[in-house]
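Have a look at the structure below before the remarks.
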Amino acid sequence: MHPSSVIGTLKQDLMLQCRGGVMMQECCISMAGKAVLRAFVLTVLAAFLAGAAPAETRISSIPRAPRGDDGRFINLAGEIPHAPLSVRLPFFWRRIMGNFRTRSGAARPSAAPVRRLEELLAGSGDFAYWIGHATVLVRMAGQIFLTDPIWSGAAGPYGRFGAARLAELPFGIESLPSIDFVLISHNHYDHLDIPTLKSLARQHPDLVLIAPLGTSAVLEDLGASGVEILDWGDTTRRAGLEIACLPV
């Protein structure tokens with residue numbers, strides 16, 4: 001099955017698992033990186049190897065991420081003008097004093113009833129278990145993987161500074177089953193959480209991190225067994241799954 005024929009359906013199915021809840025306050029702080037990385041998503045394709053066509057390394061209809069002669073990414077919307085300091089400083093002050101501070105009297109979201117993870121793991125079927133925000137635990141084609149894992153108490157530097165967690169996690173990171181790989185969509189703090197990735201690398205010796213261009217300098221120092229970096233349209237295989245990096 002060609003990747004382009006199943007991308008839309010599977011992406012929609014996985015996104016439905018994450019709809020209807022917010023784990024953290026909106027976070028505007030991003031790690032140092034190129035703006036174009038914010039448009040990345042890594043989509044898992046249900047392309048089982050049994051009877052599948054030979055592995056491809058690219059989806060030919062998708063161009064590579066645009067970059068200049070100096071190797072820097074080019075924003076698809078063109079050059080974006082920056083607001084003057086008279087606008088930016090008050091904006092960041094409001095963000096720091098407002099969005100990144102727990103509001104007194106604000107109602108905490110109640111825990112939603114969920115199936116116990118142990119029940120799903122005891123079965124043999126595929127599943128997508130929403131943990132919170134963009135973190136989903138998936139079993140598919142015999143592989144178990146995580147998307148954008150974050151177990152820190154806040155989305156920010158060192159997992160301590162930034163948008164605070166609003167809802168409790170369903171379980172601690174030490175309760176995860178054996179993880180084969182991790183998909184990272186982009187390099188915002190609430191999607192690429194260094195403390196969480198370090199913990200996962202220690203707990204799962206064979207862990208592989210799969211992420212878009214521009215993240216290797218961060219990921220290669222976290223202790224994972226392997227790091228795979230994909231450009232737009234690049235694909236890679238993990239056992240019975242094909243993984244594609246797509247701009248969205």
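To convert, note that position 30 of the sequence shown is 30 in the numbering used here; the numbers rise steadily by one, no gaps. Backbone N, C-alpha and C fix where the C-beta goes; we use that ideal spot for every residue, glycine too. Nothing here was measured: the structure is a model prediction, and the numbers come from that model.
Exposure label - residue i; buried when at least 16 CB within 10 Å
i, result
"LEU213", "buried"
"GLY162", "buried"
"ALA244", "buried"
"GLU242", "buried"
"PHE181", "buried"
"TYR189", "buried"
"LEU85", "exposed"
"GLY78", "exposed"
"ILE80", "exposed"
"LEU89", "exposed"
"SER199", "buried"
Selected residue, minimal CA-CA separation from residue i, among the options
i, options, result
"VAL138", "LEU121, TRP151, GLY233", "LEU121"
"ASP148", "ASP126, THR196, VAL87", "THR196"
"HIS204", "GLU174, SER185, ILE74", "GLU174"
"ASP313", "GLY132, ALA134, LEU117", "Coverage of the chain is limited to positions 1 through 248, which leaves residue 313 absent and any answer about it impossible."
"ILE131", "GLU119, VAL114, GLY123", "VAL114"
"ASP221", "THR235, ARG202, THR236", "ARG202"
"LEU183", "ARG160, ALA224, ILE80, TYR158", "ALA224"
"PRO247", "GLY71, ASP70, ASN75", "ASN75"
"ASP206", "ILE179, SER216, VAL218", "ILE179"
"VAL208", "LEU176, ASP69, PHE145, TYR129", "PHE145"
Cβ-Cβ distance between residue i and residue j below 7 Å
i, j, result
"ILE62", "GLY233", "yes"
"ASP193", "ILE150", "yes"
"ALA141", "GLY240", "yes"
"ARG58", "GLN143", "no"
"ASP231", "ARG67", "no"
"HIS186", "ALA134", "no"
"THR156", "ARG165", "Per the sequence presented here, residue 156 reads as Gly, with Thr not at that position. No, they are not a contact pair."
Beta strand (DSSP E) segment containing residue i, residue limits
i, result
"LEU209", "208-212"
"ILE80", "Taken as a continuous stretch (DSSP letters only), ILE80 belongs to no beta strand (DSSP E), as it is neither H nor E."
"ALA244", "241-247"
"VAL182", "181-183"
"PHE73", "No beta strand (DSSP E) contains PHE73, which DSSP labels as neither H nor E."
"ILE144", "143-147"
"ARG237", "235-238"
"ILE229", "226-230"
Terminal residues of the alpha helix (DSSP H) in which residue i lies
i, result
"THR196", "194-203"
"ALA134", "Looking at the DSSP string, ALA134 is not in any alpha helix (DSSP H), and its letter there is neither H nor E."
"LEU166", "First-last for LEU166: undefined, no H or E at that position."
"LEU219", "216-219"
"LEU120", "117-122"
Any chain B beta carbon closer than 7 Å to residue i
i, result
"ILE131", "In summary, chain B is missing from the structure at hand, where a single protein chain is found."
Q: Please confirm if the stretch 199-216 is in contact with the stretch 164-172, defined as three or more CB-CB distances below 8 Å between the two stretches.
A: no
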